[in-house]
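Residue numbers (the working numbering), protein chains in the order written: chain A, 1 to 336; chain B, 1001 to 1336.
Number of protein chains: 2
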Amino acid sequence: MARLSIKDIAQRCNTSITTVSFVLNGRAEEKRISRDLKEKILKTIEDTGYKQNLFARGMRTGKTNIIGLIVEDISNAFFSAVARIIEENAYKRGYKIIYCSTDDNTSKTKELIKLFVERNLDGYIITPPKGLEDEIQFLINKKIPVVLFDRYFPGLETDYVIVDNFNGAKNAVQHLFDAGFGNIALVTTSSAQTQMLERLNGYEKTVIENGKKPKILKIPFDHSAEQNIKTISAYLKKDKDLDAIFFATNYLAFGGLEALNALEMKIPDDIAVVAFDDQEFFRIYNPSITAVSQPVKDISLQLIDILLQKMETPEKPAERIILSTNLIPRNSSIKK
Amino acid sequence: MARLSIKDIAQRCNTSITTVSFVLNGRAEEKRISRDLKEKILKTIEDTGYKQNLFARGMRTGKTNIIGLIVEDISNAFFSAVARIIEENAYKRGYKIIYCSTDDNTSKTKELIKLFVERNLDGYIITPPKGLEDEIQFLINKKIPVVLFDRYFPGLETDYVIVDNFNGAKNAVQHLFDAGFGNIALVTTSSAQTQMLERLNGYEKTVIENGKKPKILKIPFDHSAEQNIKTISAYLKKDKDLDAIFFATNYLAFGGLEALNALEMKIPDDIAVVAFDDQEFFRIYNPSITAVSQPVKDISLQLIDILLQKMETPEKPAERIILSTNLIPRNSSIKK
DNA sequence: AAATTATGCTAAATCATTTTAGTTACCTAT
DNA sequence: ATAGGTAACTAAAATGATTTAGCATAATTT
């Protein structure tokens, strides 16, 4: 038995394809289809289990009901947690998710967006690498809904959802001062993304406010895990006065912990540690690691919400959501 | 400017739509299109940047070039790592990935497969929850390529890629005996999935071979992280003779480490630990945790390879791939 | 009673492609 | 001179929906 088409439904109801299509698209009222006929069509669809052919539909309407989720790295715990929640909610509302990882590689991401645009996805959620301004603007010009997250482009009129990185970092560093640590280094990446710069600014401001000098180690973002460990080890060996480190992102904290292990430095006795972006890991680690936690659930729900709103009302003005972080003090920053 | 169609290309080349279509689908040779005309068409396509409309194409052929990736939980490190590699390779070969998480919930997964089938995806990679035999059989009957992984259904003629869970567990437990531990418990889930049963069998066999009695704690797989910690704590308190634990899967090991922390039991002095499914975490943890590592890259590459082969040659007989695991001895199982 | 309006529906064009079943023109062999 | 073959191409049907423009008929107004 071949798959049912709208034609079959029309025949079974002694009516036209047009009428069935109107009912199917909720335009029965507007098109003055009688209640009786509408009910009959609906019942036939129910009974036969008829499903619209999405190719034919897409061909006419250009709509796919698919959303593109483009994150830095789907295997990073933060992004996979966000993906998880977005996926869940998109499905509930009738959308599917196609995803991919950018590796923060600009040309790879350009390529991916081109591919996705060919496929006529209905909307995008993106953590853009630098240099992606033109592609984002292109999507906006084409009236394709886009929401950025994690970082954004200050020059572009886009919707975005980010966290308050400046105050997240500020609170973390002030917490270290309050706990009695006075010589605090920042370990961050060399990438110029907004979220990293804000964390750096928050750190610097707070250190200076406390009458100290900032000490910053910038690690190229394309280095391997092993290279990170080595770089951090070397830095720690050089500056024996440090009594605390603030890691600007989770994977640098992992490298840092390995470096401290290798140097047999005890946390928090030899050196205190705070990390940006909380993970299950930090709770379980011994000693547990103080971390700035991002509101993953809130971020994800806002993202999918704003995107779907934008898809329904394209002329809606851009929304800029900045969510607060939450400092979770643990043993790594408490003097015994 | 409206988007170019095959008609525009045909006009520009003074030829027919049919001819362009043949060239586009690599059937120029077979259809005896002259070399000159073929070149001309190809050049025009190149120059104009023409792209096929995938809806129209899908409408005729029923092909989407989209693969469904249905895993237990995309935010679990093992699955997101697999997703990462599959995604990468699928894109290289012209396929996109739509994904979703099952939560090991049978009815949710049935729902998802229904949704995906409506969308005419070209193939599936699935970690099936129990009770999904009928849906998998349905896909096979419909000649839709499917590859299972992580677990499989012994009764079904399906392609699958799994690891040698039995020997993985056996080696881990024997390693503990060899390291001088003699009273080894298994902490596993109550779920009856093949991979878990095989790990259990490997454990039991090895313990009995070494002249000891198996001690098994089964934890319902729908318990929360907190419940897991409590259950494991209670178990550890009751049996003071234990000198080692083998965790059958990574999230149980996380719970176990937290429980050991709470009870202030030292690893490996008070108790040794080995976990199934290695993670970055286990390398960084202090002490580092001995683990059975799954060949994530190999699994992923095999999966996408087998699926794409199956898509090209649907009548290919089912392939069953069983990959070896690798025991990584670390400090958690070495007596000082 | 004629003109107007409202109601309830539908024919046919359209979207961009693939594919079947040809056609035309030329060449070769008898 | 003619049948048969082949090289090179193409007209048109089919895929399954949406949507525009319009057609009867009945009800209402003038």
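All residues carry an ideal CB built from backbone N, CA and C; glycine is no exception.
C-beta neighbour in chain A for residue i, strict 8 Å
{"i": "Gly-1058 (chain B)", "result": "yes"}
{"i": "Ile-1306 (chain B)", "result": "no"}
{"i": "Tyr-1091 (chain B)", "result": "yes"}
{"i": "Phe-1254 (chain B)", "result": "yes"}
{"i": "Ser-1075 (chain B)", "result": "yes"}
{"i": "Ala-1081 (chain B)", "result": "yes"}
{"i": "Ile-1322 (chain B)", "result": "no"}
{"i": "Phe-1055 (chain B)", "result": "yes"}
{"i": "Leu-1257 (chain B)", "result": "yes"}
{"i": "Lys-1051 (chain B)", "result": "yes"}
{"i": "Glu-1157 (chain B)", "result": "no"}
{"i": "Glu-1046 (chain B)", "result": "no"}
Buried or exposed (CB count within 10 angstroms, at least 16 for buried), residue i
{"i": "Gln-1227 (chain B)", "result": "exposed"}
{"i": "Pro-154 (chain A)", "result": "exposed"}
{"i": "Gly-1026 (chain B)", "result": "exposed"}
{"i": "Thr-1158 (chain B)", "result": "buried"}
{"i": "Ile-1322 (chain B)", "result": "exposed"}
{"i": "Gly-256 (chain A)", "result": "buried"}
{"i": "Glu-1198 (chain B)", "result": "buried"}
{"i": "Arg-1093 (chain B)", "result": "exposed"}
{"i": "Asp-241 (chain A)", "result": "exposed"}
{"i": "Ser-324 (chain A)", "result": "exposed"}
{"i": "Gly-1168 (chain B)", "result": "buried"}
{"i": "Arg-84 (chain A)", "result": "buried"}
{"i": "Thr-313 (chain A)", "result": "exposed"}
{"i": "Ile-1216 (chain B)", "result": "exposed"}
{"i": "Ala-28 (chain A)", "result": "buried"}
{"i": "Lys-1170 (chain B)", "result": "buried"}
{"i": "Glu-1337 (chain B)", "result": "Not covered by the structure: residue 1337 (chain B). The range shown for chain B is 1001 to 1336."}
Range of the contiguous beta strand (DSSP E) that encloses residue i
{"i": "Arg-93 (chain A)", "result": "Taken as a continuous stretch (DSSP letters only), Arg-93 (chain A) belongs to no beta strand (DSSP E), as it is neither H nor E."}
{"i": "Leu-263 (chain A)", "result": "Neither: Leu-263 (chain A) is in no beta strand (DSSP E) and is coded neither H nor E."}
{"i": "Arg-1320 (chain B)", "result": "1320 to 1323"}
{"i": "Ile-1162 (chain B)", "result": "1159 to 1163"}
{"i": "Leu-69 (chain A)", "result": "66 to 71"}
{"i": "Val-276 (chain A)", "result": "According to the sequence provided, residue 276 (chain A) is Phe. The question's Val does not apply to it. Segment 272 to 276, the beta strand (DSSP E) holding Phe-276 (chain A)."}
Within-8 Å CB hit, residue i to chain B
{"i": "Glu-118 (chain A)", "result": "yes"}
{"i": "Asn-261 (chain A)", "result": "yes"}
{"i": "Lys-96 (chain A)", "result": "yes"}
{"i": "Ser-101 (chain A)", "result": "yes"}
{"i": "Arg-84 (chain A)", "result": "yes"}
{"i": "Tyr-345 (chain A)", "result": "In the structure as shown, chain A begins at 1 and stops at 336. Residue 345 (chain A) is therefore absent and cannot be evaluated."}
{"i": "Phe-221 (chain A)", "result": "no"}
{"i": "Phe-281 (chain A)", "result": "yes"}
{"i": "Glu-264 (chain A)", "result": "no"}
{"i": "Glu-337 (chain A)", "result": "Chain A is shown only over 1 to 336; residue 337 (chain A) falls outside these bounds and no answer can be derived."}
N- and C-terminal bounds of the alpha helix (DSSP H) containing residue i
{"i": "Ile-334 (chain A)", "result": "First-last for Ile-334 (chain A): undefined, no H or E at that position."}
{"i": "Ser-1300 (chain B)", "result": "1296 to 1312"}
{"i": "Thr-1061 (chain B)", "result": "1054 to 1061"}
{"i": "Asp-8 (chain A)", "result": "6 to 12"}
Beta-bridge pairing of residue i - partner residues as DSSP gives them
{"i": "Val-1292 (chain B)", "result": "B:Phe-1276 and B:Leu-1327"}
{"i": "Ile-1074 (chain B)", "result": "Bridge partners of Ile-1074 (chain B): none, in fact."}
{"i": "Ile-184 (chain A)", "result": "A:Ala-244"}
{"i": "Phe-1149 (chain B)", "result": "B:Val-1161"}
Any non-hydrogen atom of the ligand ATP closer than 7 Å to residue i Cβ
{"i": "Pro-154 (chain A)", "result": "The model on display carries no ligand, and the ligand ATP is accordingly not part of it."}
Discussion item. Runs of 4 residues minimum, wholly inside the region 1187 to 1247 of chain B: which ones carry the alpha helix (DSSP H) assignment?
Written reply: 1194 to 1209 and 1225 to 1238
Discussion item. Which runs of the beta strand (DSSP E) at least 3 residues long sit entirely within the region 1016 to 1040 of chain B? Give them in chain order.
Written reply: Inside the region 1016 to 1040 of chain B, DSSP marks no whole beta strand (DSSP E) run of 3 or more residues.
Worksheet item: Quick one: complete beta strand (DSSP E) runs, 3+ long, within the region 1087 to 1147 of chain B?
Response: Scanning the region 1087 to 1147 of chain B from its first residue to its last, the whole beta strand (DSSP E) runs of 3-plus residues come out as 1096 to 1101 and 1123 to 1126.
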